[in-house]
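Colleague: Once you've had a glance at the structure underneath, I'll fire off some questions.
Numbering (my numbering), first residue to last: 1 to 250.
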C-alpha cells in the first residue's frame, strides 16, 4: 500500500557497524598482532641486553690492577750520599777511597740499622759525578762463574765461536766492588778476591777458553761483628777500617 513506511519498502536496514562476531573482523589475537609498536618497548632493552650494551667505564681501562701497577713500578732511587747525617768518619773514608783508590778500600763494621749499606750505595752517585765506572755489588751467594766470568754459551750455540763472557770483577774494573756481609762470603770467593786484589788481574782457563783481563778496583765491605769475624787474609786487603754505632740520643 502507498501509506507503508519507506523502511518497510526496501527491506530491513543494513547495519553500518561491523558485527564483532563476523568472521571478517579480526579477533583479539590479530588485533594484538597488528597493534602499533610501543616506542618505549623498542627503546628500552631488557636487563641482559642493557648489560651487554653498557658503555665501558673509563676507569676500567685507565687504572691498572694492583698486579700491573706493581710490575710497572719504577725502582726506588738510592739514598743521596749528601743526605746522610752523622757518621763523619764513615763518609770521610768513602770519599778518600773514591779520590785515591790506592788506599786499598774500606771495611765498615757495625750493628744492624746503622746505615752502612745506605752510605755505600749512596756513593754510586758521587762516583758517577767524578766519572768513575760506578759501583758493582757482589752478592754473597754468587757463583764463581758469575764473579770471574765464563764461556758465552749463546755465541757457542749460535755461531760455534768460543767466546768469553766477563763477570763482576771485569765490570768493577776502575770502580768500586761492594760486598755486603763480607764476613759471610764463601771461602772460594774470598780466594778469588784475594788473587784479583793482589795481582790486579784475572786469568781464566776454562772449557777450552783462555782469557785474561784487568781487575783493579776499590774493595768496600760491610759486616756485622755479631754474625762472625772476617778472615785475616781478607782483612789485610782493606786499607781502612771504620766502626759505626747507632746514636743513643733520644
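Each residue gets a CB set at the ideal place from its N, CA and C atoms; glycine is no exception.
Please name the residue in 161, 166 and 98 whose C-alpha comes closest to that of residue 214.
Modeller: Counting from 1 along the chain shown, the entry for residue 214 is found at position 214. Checking every option, the nearest Cα to that of residue 214 belongs to 166.
Colleague: Since residue 133 is in the beta strand (DSSP E), which residue starts that stretch and which ends it?
Modeller: Walking along the chain shown from the start, residue 133 turns up at place 133. Residue 133 -> no beta strand (DSSP E), and no H or E assigned at all.
Colleague: Is the beta carbon of residue 239 less than 7 Å from the beta carbon of residue 95?
Modeller: As a position in the chain shown, residue 239 is number 239, starting the count at 1. As a position in the chain shown, residue 95 is number 95, starting the count at 1. No, the Cβ-Cβ distance between residue 239 and residue 95 is not below 7 Å.
Colleague: Taking the alpha carbon of residue 168 as the reference point, which residue from 105, 93 and 219 has its own alpha carbon closest?
Modeller: Numbered from 1 along the chain shown, position 168 holds the residue referred to as residue 168. Nearest option by C-alpha distance: 219.
Colleague: Taking the continuous alpha helix (DSSP H) assigned at residue 230, which residues delimit it?
Modeller: Counting from 1 along the chain shown, the entry for residue 230 is found at position 230. Looking at the DSSP string, residue 230 is not in any alpha helix (DSSP H), and its letter there is neither H nor E.
Colleague: Determine whether the beta carbon atoms of residue 194 and residue 233 lie at a separation below 7 Å.
Modeller: One-based indexing of the chain shown puts residue 194 at position 194. One-based indexing of the chain shown puts residue 233 at position 233. Closer than 7 Å, so yes.
Colleague: Consult DSSP for residue 117 and reduce its assignment to one of helix, strand or coil.
Modeller: The residue labelled residue 117 in the question sits at position 117 within the chain shown. Three-state DSSP puts residue 117 in a helix.
Colleague: By DSSP, does residue 166 sit in helix, in strand, or in coil?
Modeller: Taking the first residue of the chain shown as 1, we reach residue 166 at position 166. Residue state, collapsed to three classes: strand.
Colleague: Between residue 247 and residue 113, which are expected to be in contact by the criterion C-beta below 8 Å, what is the C-beta distance as a whole number of angstroms?
Modeller: As a position in the chain shown, residue 247 is number 247, starting the count at 1. As a position in the chain shown, residue 113 is number 113, starting the count at 1. Rounded, the Cβ-Cβ distance is 11 Å, inconsistent with contact.
Colleague: At which residues does the alpha helix (DSSP H) containing residue 144 begin and terminate?
Modeller: Numbered from 1 along the chain shown, position 144 holds the residue referred to as residue 144. Where residue 144 is concerned, the enclosing alpha helix (DSSP H) stretches over 144 to 148.
Colleague: Does residue 187 come out as helix, strand or coil in the three-state DSSP assignment?
Modeller: For the purposes of this step, residue 187 is identified with residue 187 of the chain shown, where counting begins at 1. Here residue 187 sits in helix by DSSP.
Colleague: Would you mind reading off the limits of the beta strand (DSSP E) that contains residue 103?
Modeller: As a working mapping, residue 103 is identified with position 103 in the chain shown. Counting along the chain, residue 103 falls outside any beta strand (DSSP E), and DSSP gives it neither H nor E.
Colleague: Report the three-state DSSP secondary structure of residue 123 (helix, strand or coil).
Modeller: Numbered from 1 along the chain shown, position 123 holds the residue referred to as residue 123. Reduced to three states, the DSSP call for residue 123 is helix.
Colleague: Count the other CB atoms within 10 Å of the CB of residue 100; is the residue buried (16 or more) or exposed (fewer)?
Modeller: Here the question's residue 100 lines up with position 100 in the chain shown. Exposed, since its Cβ has fewer than 16 Cβ neighbours within 10 Å.
Colleague: Could you pull out every residue in the same chain whose Cβ sits closer than 7 Å to the Cβ of residue 148, ignoring the five residues on either side in sequence?
Modeller: Here residue 148 refers to the residue found at position 148 of the chain shown. Same-chain partners within the cutoff: 167, 169, 192, 202 and 204.
Colleague: Does DSSP put residue 74 in a helix, in a strand, or in coil?
Modeller: In the chain shown, counting from the first residue as 1, residue 74 sits at position 74. Caution applies to residue 74, whose pLDDT of 39 falls short of 50 and renders its modelled position unreliable; the value that the coordinates give is listed next. Residue 74 falls in the coil class under three-state DSSP.
Colleague: Report yes if the C-beta distance between residue 79 and residue 125 is below 7 Å; otherwise report no.
Modeller: Numbered from 1 along the chain shown, position 79 holds the residue referred to as residue 79. Numbered from 1 along the chain shown, position 125 holds the residue referred to as residue 125. Cβ atoms of residue 79 and residue 125: not closer than 7 Å.
Colleague: Tell me, please, which residues DSSP counts as bridged to residue 210.
Modeller: Here residue 210 is taken as the residue at index 210 of the chain shown, counted from 1. Note: residue 210 sits in a beta bridge opposite 205.
Colleague: Buried or exposed: where does residue 108 fall if 16 or more other Cβ atoms within 10 Å of its Cβ makes it buried?
Modeller: In the chain shown, residue 108 corresponds to position 108, counting from 1. By the 10 Å Cβ count, residue 108 comes out buried.
Colleague: Just curious, the alpha helix (DSSP H) that residue 95 is in, first and last residue?
Modeller: The residue given as residue 95 occupies position 95 in the chain shown. Unbroken alpha helix (DSSP H) run through residue 95: 88 to 99.
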